[in-house]
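If you count by the UniProt record's numbering, then the sequence shown holds residues 1 to 258, one letter each, in order. Heads up, the beta-carbon is just placed ideally off N, CA and C, and yes, glycines get one too. Input: a single structure, listed below in structure tokens.
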Amino acid sequence: MTVFTSLDDYRRFAHSLRSERRFVHAKHVRSFLDAVAASVTPRVEILVRNTRFWRAQIGSIPGEVVIDASGDTATVDFPLKPERMMPLPTRARENRANPHGIPALYVASHRDTAIAEIGARKHSIVTVASLLATRDLSIVNATLETDHNLWLGNEEPEGEVLERMVWGQIDYAFMRPVTRADDAADYAPTQVLAELFRQLGYDGVAYASSYGEGHNVALFDLESARVEAAQVSRVTDMKLTVNHEYGESYRIPHVDSQ
Numbered sequence: 001m002t003v004f005t006s007l008d009d010y011r012r013f014a015h016s017l018r019s020e021r022r023f024v025h026a027k028h029v030r031s032f033l034d035a036v037a038a039s040v041t042p043r044v045e046i047l048v049r050n051t052r053f054w055r056a057q058i059g060s061i062p063g064e065v066v067i068d069a070s071g072d073t074a075t076v077d078f079p080l081k082p083e084r085m086m087p088l089p090t091r092a093r094e095n096r097a098n099p100h101g102i103p104a105l106y107v108a109s110h111r112d113t114a115i116a117e118i119g120a121r122k123h124s125i126v127t128v129a130s131l132l133a134t135r136d137l138s139i140v141n142a143t144l145e146t147d148h149n150l151w152l153g154n155e156e157p158e159g160e161v162l163e164r165m166v167w168g169q170i171d172y173a174f175m176r177p178v179t180r181a182d183d184a185a186d187y188a189p190t191q192v193l194a195e196l197f198r199q200l201g202y203d204g205v206a207y208a209s210s211y212g213e214g215h216n217v218a219l220f221d222l223e224s225a226r227v228e229a230a231q232v233s234r235v236t237d238m239k240l241t242v243n244h245e246y247g248e249s250y251r252i253p254h255v256d257s258q
């Protein structure tokens, strides 16, 4: 069984993909991926059908509602339509778990985490949708080693300790914020890891959020979850205090949430 050999394994893997060979991998990159595949099983979790996720988009649909018997109206914000809350299957932007043109569905475990991940600013009006898993999902949970990406010992760790440290580096790589100003090559290491997980038959990867206690999940199949309901919310301060009663909401009756 292939195992990790050094705390430097992930750095060398990432550097090679960013700066040397992206599509035909060097031997040490293949060895690293073999070690990831060999150690992934204890980190796999099953999210059962109807597990709830959250997904946010900046924006709403302005409209009017009748507010009294005289027919007076008021302008309100309605949630974006369900199809707007899902990725476009043919126009996928490059992201940490998918290359350009191959979409993934990014969701969060908490509502406010979903809002934070889209970069919403103070006073932003956002639509927040809850989604339900359409089937049982087998997820690689990289968050199990979130606290193990920094080694302060004098000697190189070995065995299980080294494995946990490297997986902590993998989680941090998925978590690390990447802006549009950064080079697209920064996504290459996590994209390759996501493709490995998909090739191994898993449905997605969970990784920590840099915006609080929640975590994110990248689902490889856009049909893995569907919109259950949506609510218009307003970000009220830069600490991401959110007024979830700001605007209108909808619920899709055909989604079984039991």
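Per DSSP, the beta-bridge partners of PRO62 are ASP77.
In this structure, the alpha-carbon of GLY101 lies about 19 Å from that of PHE174. In the three-state scheme derived from DSSP, where H, G and I count as helix and E and B as strand, ALA229 is classed as strand. A direct Cα-Cα distance of roughly 14 Å separates PHE197 from ARG96. If you check the CB distance, SER210 and PRO189 do not come in under 7 Å. The count of Cβ pairs closer than 8 Å, one atom from the stretch 53-65 and one from the stretch 74-94, reaches three, so the stretches are in contact. Listed in chain order, the beta strand (DSSP E) runs fully inside the stretch 121-176 are 125-133, 137-141, counting runs of at least 3 residues. In this structure, the alpha-carbon of LEU193 lies about 11 Å from that of ARG30. Cα atoms of ALA74 and VAL235: separation of roughly 21 Å, rounded to the nearest angstrom. Taking a contact as a CB-CB distance under 8 Å, the pair ASP136 and ARG49 counts as one, their CB atoms being some 5 Å apart. The stretch 213-222 makes contact with the stretch 101-118, as at least three CB pairs between them are under 8 Å.
Across the structure, GLN199 and LEU162 are spaced so that their CA atoms are roughly 25 Å apart. Between ASP34 and THR2, the C-beta spacing is below 7 Å. Look at PHE4 here: in three-state DSSP terms it is coil, with no helix or strand label. The DSSP-derived three-state label of PHE53 is strand.
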